[in-house]
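Asks:
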């Protein structure tokens, strides 16, 4: 009898692990939406201190603006996914109180991003707990951790609309030293960062992402000068809600499945 109980125990353990390990295949698709904060790092504004601790001192809470997010994520494996995003971002800065306070420039820019990013889960919510317990206190098979942690890297195209303000002699300039006109308002940015989410139900996650958008343009603030040493960068911190969509056996969202009448 003890011999039989041992095999029953091993059978339950094996099957629960297999079923749990494949759960991510049931919800490959995810729809997300959210909002958050954004900060700009570039040629306008910043700290008056020459030593700014890798840009940390350039953060001004009064110049923090907002962002909005829509996304569609597809899991290729338990730990690898690709997400397509549409994001709105607002950024602003002013020379007031900076090392260039006498220049007197300020700007507001609205951006729309269209892009994608690859995500690698350093820890997936679909992994089992590192516990030897097969059953929880209620007598059911022990469930997973509810937390997922991941890093991401992507590329996005942006359309941006800057509004530069300041002394008239610094505006509408197109020279070898400074340019505030005749530039493309389409840019490419490289999003990179980390994120985490928490599973509140089988189908809903809530989480947060943070990371910089490294631009390939120096005109996000509406100007370029020969003193610019690097492209403009902005950071976003986004709070997200994620809805997991059930997937059919072919990998498509189940709501697209053809119905016969």
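In my numbering, the protein residues as written are 335 to 595. Here a beta-carbon is modelled for each residue, glycine too, at the ideal position from N, C-alpha and C.
For residue 349, which residues from the same chain have a beta carbon less than 6 Å from its beta carbon, with the 5 sequence-adjacent residues on both sides left out?
Replies: In this prediction, residue 349 scores a pLDDT of 43, lower than 50, which makes its location untrustworthy; no coordinate-derived value is stated.
Asks: Do you know whose CA, among 363, 508 and 485, lies nearest residue 457's CA?
Replies: Looking at the Cα atoms, 485 is the closest of the given residues.
Asks: Residue 378 lies in the beta strand (DSSP E); which residues open and close that run?
Replies: Note, residue 378: premise wrong, no beta strand (DSSP E); not H, not E.
Asks: Name the one or two DSSP bridge partners that residue 520 has.
Replies: 493
Asks: How many Å lie between residue 577 and residue 556 at the Cα?
Replies: 37 Å
Asks: Taking C-alpha atoms, which residue in 519, 540 and 530 lies nearest to residue 553?
Replies: 519
Asks: Quick one: is residue 501 buried, meaning 16 or more other Cβ sit within 10 Å of its Cβ, or exposed?
Replies: exposed
Asks: With DSSP as the reference, identify every bridge partner of residue 562, one or two as the case may be.
Replies: As computed with DSSP, residue 562 is found in no beta bridge at all.
Asks: Is the number of C-beta pairs between the region 503-512 and the region 536-554 that are closer than 8 Å three or more?
Replies: no
Asks: Count the other CB atoms, across all protein chains shown, that sit within 10 Å of the CB of residue 464; report buried if there are 16 or more and exposed otherwise.
Replies: With a pLDDT of 46 at residue 464, under the threshold of 50, the predicted position of this residue should be treated as unreliable, though the coordinate-derived value follows. Looking at its Cβ environment, which holds fewer than 16 other Cβ atoms inside 10 Å, residue 464 is exposed.
Asks: Give me the residue from 582, 361 and 489 with the minimum Cα distance to residue 411.
Replies: 361
Asks: Closest to residue 421 by C-alpha separation, out of 499, 406, 590 and 433, would be which residue?
Replies: 406
Asks: Where residue 583 and residue 589 are concerned, what is the direct C-alpha to C-alpha distance, given to the nearest angstrom?
Replies: 12 Å
Asks: Whose C-beta lies closer than 6 Å to the C-beta of residue 403 among residues of the same chain, with five residues either side of it excluded?
Replies: 368, 421 and 572
Asks: Residues in the same chain with beta-carbon distance under 8 Å from residue 427, minus the five sequence neighbours each way, listed in chain order, please.
Replies: 374, 376, 378, 379, 380, 394, 397, 440, 441 and 555
Asks: Residue 563: buried (16+ other C-beta within 10 angstroms of its C-beta) or exposed?
Replies: exposed
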